[in-house]
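Novice: In the numbering used here, the protein residues as written are 13 to 456.
The beta-carbon is built from N, C-alpha and C at its ideal position, and this holds for glycine as well.
None of the values given here were measured: they were computed from a predicted structure.
Take a look at the following structure, please.
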Amino acid sequence: MVDPLDTCGKKRKLTHQPDHGNDAEHGSCLRSFENARKFLFPSRDTGHDTFHSYNGPLLECARRFWTKNGFRTSIVPFPKPGISIYKEQTDNDDGEVIDEKKTMKDVLRIMLGFHPRHRELEQMYQSKLKDWQSLYLYCHCLRQSQFKSEALVDLADKTAQECWSELQDDCTEKVAKMEPCSTSQKKAKLDEIALSTQVGLRKEQLEHEWDRIAGGYCSSLSNAILHAYTKQQKCVVDEIIFKPNPNQKLERLTIYFDIASKEKRPTFFLLPCLSAAVTKGADTVVDDGVNALWSQMLSQGYFVSTHLRDKITPPLSQYLLSGILRSDRHFDKSTISTVPFSLRAHFSPAYPMSFYLWGAAGSGKSSFIRRFTGALETTLKKFINPLIHVSGVKQNLNKTMDALRLELELRPNNNDLSIMSIVQGRRMSLKHTQPGLVVLGFEE
Numbered sequence: 013m014v015d016p017l018d019t020c021g022k023k024r025k026l027t028h029q030p031d032h033g034n035d036a037e038h039g040s041c042l043r044s045f046e047n048a049r050k051f052l053f054p055s056r057d058t059g060h061d062t063f064h065s066y067n068g069p070l071l072e073c074a075r076r077f078w079t080k081n082g083f084r085t086s087i088v089p090f091p092k093p094g095i096s097i098y099k100e101q102t103d104n105d106d107g108e109v110i111d112e113k114k115t116m117k118d119v120l121r122i123m124l125g126f127h128p129r130h131r132e133l134e135q136m137y138q139s140k141l142k143d144w145q146s147l148y149l150y151c152h153c154l155r156q157s158q159f160k161s162e163a164l165v166d167l168a169d170k171t172a173q174e175c176w177s178e179l180q181d182d183c184t185e186k187v188a189k190m191e192p193c194s195t196s197q198k199k200a201k202l203d204e205i206a207l208s209t210q211v212g213l214r215k216e217q218l219e220h221e222w223d224r225i226a227g228g229y230c231s232s233l234s235n236a237i238l239h240a241y242t243k244q245q246k247c248v249v250d251e252i253i254f255k256p257n258p259n260q261k262l263e264r265l266t267i268y269f270d271i272a273s274k275e276k277r278p279t280f281f282l283l284p285c286l287s288a289a290v291t292k293g294a295d296t297v298v299d300d301g302v303n304a305l306w307s308q309m310l311s312q313g314y315f316v317s318t319h320l321r322d323k324i325t326p327p328l329s330q331y332l333l334s335g336i337l338r339s340d341r342h343f344d345k346s347t348i349s350t351v352p353f354s355l356r357a358h359f360s361p362a363y364p365m366s367f368y369l370w371g372a373a374g375s376g377k378s379s380f381i382r383r384f385t386g387a388l389e390t391t392l393k394k395f396i397n398p399l400i401h402v403s404g405v406k407q408n409l410n411k412t413m414d415a416l417r418l419e420l421e422l423r424p425n426n427n428d429l430s431i432m433s434i435v436q437g438r439r440m441s442l443k444h445t446q447p448g449l450v451v452l453g454f455e456e
């Protein structure tokens with residue numbers, strides 16, 4: 013990533029700490045993390061030589077790039093242009109990363125979710141680099157805003173320089189020392205000036221921009237590398253599809269590029285559960301997500317009975333699976349392992365999920381819906397889309413049919429605070445970056 017503010021002045025010598033305790037594996041994981049950090053935030057003496065530009069058609073350049081770095085590839089000319097990268101050749105290379113070619117391959121394996129220590133690398137990024145990188149990009153966005161003041165620009169420059177210095181530090185030392193971050197205080201100072209009368213930005217605008225950065229570009233180490241890849245290669249990723257296959261030599265990931273379209277498309281972000289998706293499959297991601305949802309409800313103080321869990325788990329699993337596969341077909345265990353699916357961090361369920369709860373007054377029906385709404389949002393953010401939001405709307409059905417029909421009717425200029433007007437407002441407000449989900453709780 014190029015430093016747009018050009019504030020990193022001094023050179024820093026990167027040194028490695030000796031491995032602690034057990035391990036060569038821990039040392040190898042730290043080296044991979046250091047390779048990714050130096051790739052994302054290069055110093056002046058290293059520059060950006062890790063990426064080599066090629067002249068010619070985009071697909072040919074992309075294939076030469078991936079082939080040069082040790083991947084087996086093939087070009088996909090239709091239905092839209094893309095390049096397939098085969099997974100099996102990346103699984104047999106877990107030795108020491110020494111030369112530039114292996115270093116670059118190591119970084120690209122992290123981007124694709126193929127690295128064997130991907131989970132540990134993501135945890136290191138979340139704890140040590142994410143906040144500083146998010147704040148750095150946030151400062152850059154504030155400087156580019158048409159609403160700004162001299163005080164805001166000066167503070168943004170100073171904060172960006174501090175962030176860049178932190179990002180330049182040897183990550184092996186930072187992981188060992190576990191130094192606390194102070195990004196929240198720095199962001200609060202920036203927001204205070206940005207919300208002042210001299211600048212005039214709204215709180216919703218700042219929240220929208222921060223969510224887009226922290227929940228998109230910096231949501232994971234894979235996404236940070238993907239963003240740097242597209243920026244350096246001057247390409248736009250339209251879609252990335254993983255194609256599982258019983259024959260491991262044929263398992264591949266296909267990157268489709270947006271070449272001819274002049275429309276501004278949403279930026280492509282990878283799934284938070286990328287590594288699990290490409291190594292274990294979509295069905296495992298769904299099973300883990302369902303278990304995490306029930307655990308989240310228990311942590312909120314609501315115990316779901318075994319009977320209720322057994323009744324809701326099957327439709328809930330199919331609902332989550334339809335959102336990942338974007339298909340309303342019912343897949344069983346024998347066919348799900350061969351179904352291609354998108355790695356985009358976007359939840360698009362093919363059909364709504366509904367269930368009917370009955371019981372005596374005070375048995376916990378309303379409490380279940382309330383806790384379920386929050387647990388569903390937490391689960392979707394953790395496994396599928398960090399930017400999604402789930403809201404709840406409660407509607408009383410103890411009314412006449414005419415009154416209910418009027419409230420539930422979708423009308424033009426529906427601004428009379430009817431139930432459908434509230435649903436539309438909850439689904440996407442000014443601060444949200446994309447439409448979300450609404451859980452409707454009908455009571456009678």
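Using the C-alpha atoms, what's the distance from V165 back to K215?
Specialist: So the two alpha carbons sit approximately 18 Å from each other.
Novice: Apply the 10 Å Cβ neighbour rule to Q29 and answer buried if 16 or more other Cβ atoms are within range, or exposed otherwise.
Specialist: Confidence is the limiting factor: at Q29 the pLDDT is only 45, short of 50, which leaves the residue's position unreliable, though a coordinate-based value still follows. That one is exposed.
Novice: If you measure between the beta carbons of R423 and Q312, is that distance less than 8 Å?
Specialist: No, the Cβ-Cβ distance between R423 and Q312 is not below 8 Å.
Novice: Report yes or no: do three or more beta-carbon pairs, one from the segment 224-242 and one from the segment 330-347, lie closer than 8 Å?
Specialist: With the cut-off at 8 Å, the segment 224-242 and the segment 330-347 do not touch.
Novice: Cβ of I205 within 8 Å of Cβ of A163?
Specialist: Yes.
Novice: Helix, strand or coil: which one does DSSP assign to G386?
Specialist: G386 falls in the helix class under three-state DSSP.
Novice: Pair every Cβ in the segment 307-322 with every Cβ in the segment 364-384, then say whether three or more of these pairs are closer than 8 Å.
Specialist: Verdict: yes, contact present.
Novice: Could you have a look at Q312 and say whether DSSP puts it in helix, strand or coil?
Specialist: Looking at Q312 - three-state DSSP - the assignment turns out to be coil, as it is neither helix nor strand.
Novice: Secondary structure at R264, three-state DSSP: helix, strand or coil?
Specialist: Here R264 sits in strand by DSSP.
Novice: What does DSSP give as the partner residue(s) for V405 in the beta ladder?
Specialist: According to DSSP, which records beta bridges pairwise, V405 is partnered with L452.
Novice: Tell me the DSSP secondary structure of F51 in three-state form.
Specialist: The answer is helix: DSSP assigns F51 an H, G or I state.
Novice: Among M432, S44, V405, V302, which one has its Cα closest to the Cα of L418?
Specialist: Closest by alpha carbon: M432.
Novice: Taking all protein chains shown into account, decide if F281 is buried (16 or more other Cβ within 10 angstroms of its Cβ) or exposed.
Specialist: F281 should be labelled buried.
Novice: By the three-class DSSP mapping on this structure, what secondary structure does K356 have?
Specialist: According to the sequence shown, residue 356 is Arg rather than Lys. The answer is strand: DSSP assigns R356 an E or B state.
Novice: Check whether the segment 41-57 and the segment 119-132 are in contact - that is, three or more C-beta pairs closer than 8 Å.
Specialist: Touching, yes, given that three or more Cβ pairs across the two stretches are closer than 8 Å.
Novice: Do you know whose CA, among L71, R341, R84, M309, lies nearest E263's CA?
Specialist: That would be R84, whose Cα lies nearest to the Cα of E263.
Novice: Out of L207, V451, G227, G228, which one is the CA nearest neighbour of V405?
Specialist: The option with the nearest alpha carbon to V405 is V451.
Novice: Taking only the alpha-carbon atoms, compute the straight-line gap between M116 and H130 and give it to the nearest angstrom.
Specialist: Cα to Cα, the separation comes out at about 16 Å.
Novice: Specify the secondary structure class of S96 as computed by DSSP and reduced to three states.
Specialist: S96: strand per DSSP, three-state reduction.
Novice: Which residue marks the beginning of the beta strand (DSSP E) containing T85, and which one marks its end?
Specialist: From DSSP, the beta strand (DSSP E) with T85 extends over 85-88.
Novice: Would D118 be called buried (16 or more neighbouring beta carbons within 10 Å of its own) or exposed?
Specialist: With 16 or more Cβ atoms within 10 Å of its Cβ, D118 is classed as buried.
Novice: Measure the beta-carbon distance from L392 to F359 and round it to whole angstroms, keeping in mind my assumption that it falls under 8 Å.
Specialist: 6 Å between Cβ atoms; contact.
Novice: I believe E456 touches L416 by the beta-carbon criterion, under 8 Å. Please report the beta-carbon distance rounded to the nearest angstrom.
Specialist: Incorrect: roughly 10 Å between the Cβ atoms, too far for contact.
Novice: How many whole angstroms separate the CB atoms of F254 and V297, which I take to be in contact at a CB cut-off of 8 Å?
Specialist: About 11 Å; that fails the 8 Å criterion.
Novice: In whole angstroms, what separates the C-alpha of D344 from that of P326?
Specialist: Straight-line Cα distance between these residues: approximately 12 Å.
Novice: Is Y150 closer than 8 Å to W176 when the C-beta atoms are compared?
Specialist: Cβ atoms of W176 and Y150: not closer than 8 Å.
Novice: Out of P284, R321, K377, state which residue places its alpha-carbon closest to the alpha-carbon of S234.
Specialist: Closest option to S234, Cα to Cα, is P284.
Novice: Taking all protein chains shown into account, do 16 or more other C-beta atoms lie within 10 angstroms of the C-beta of E134, making it buried, or fewer, making it exposed?
Specialist: Per the 10 Å Cβ criterion, buried.
Novice: Could you tell me if A200 is buried or exposed, where buried requires 16 or more neighbouring beta carbons within 10 angstroms of its beta carbon?
Specialist: Exposed, because fewer than 16 other Cβ atoms sit within 10 Å of the Cβ of A200.
Novice: Output the distance between the C-alpha atoms of G453 and T412, rounded to the nearest integer angstrom.
Specialist: When rounded, the distance between both Cα atoms is 18 Å.
Novice: Looking at the structure shown, is F269 part of a helix, part of a strand, or coil, going by DSSP?
Specialist: In this structure, F269 counts as strand in the three-state DSSP scheme.
Novice: According to DSSP, is F77 part of a helix, a strand, or is it coil?
Specialist: Looking at F77 - three-state DSSP - the assignment turns out to be helix.
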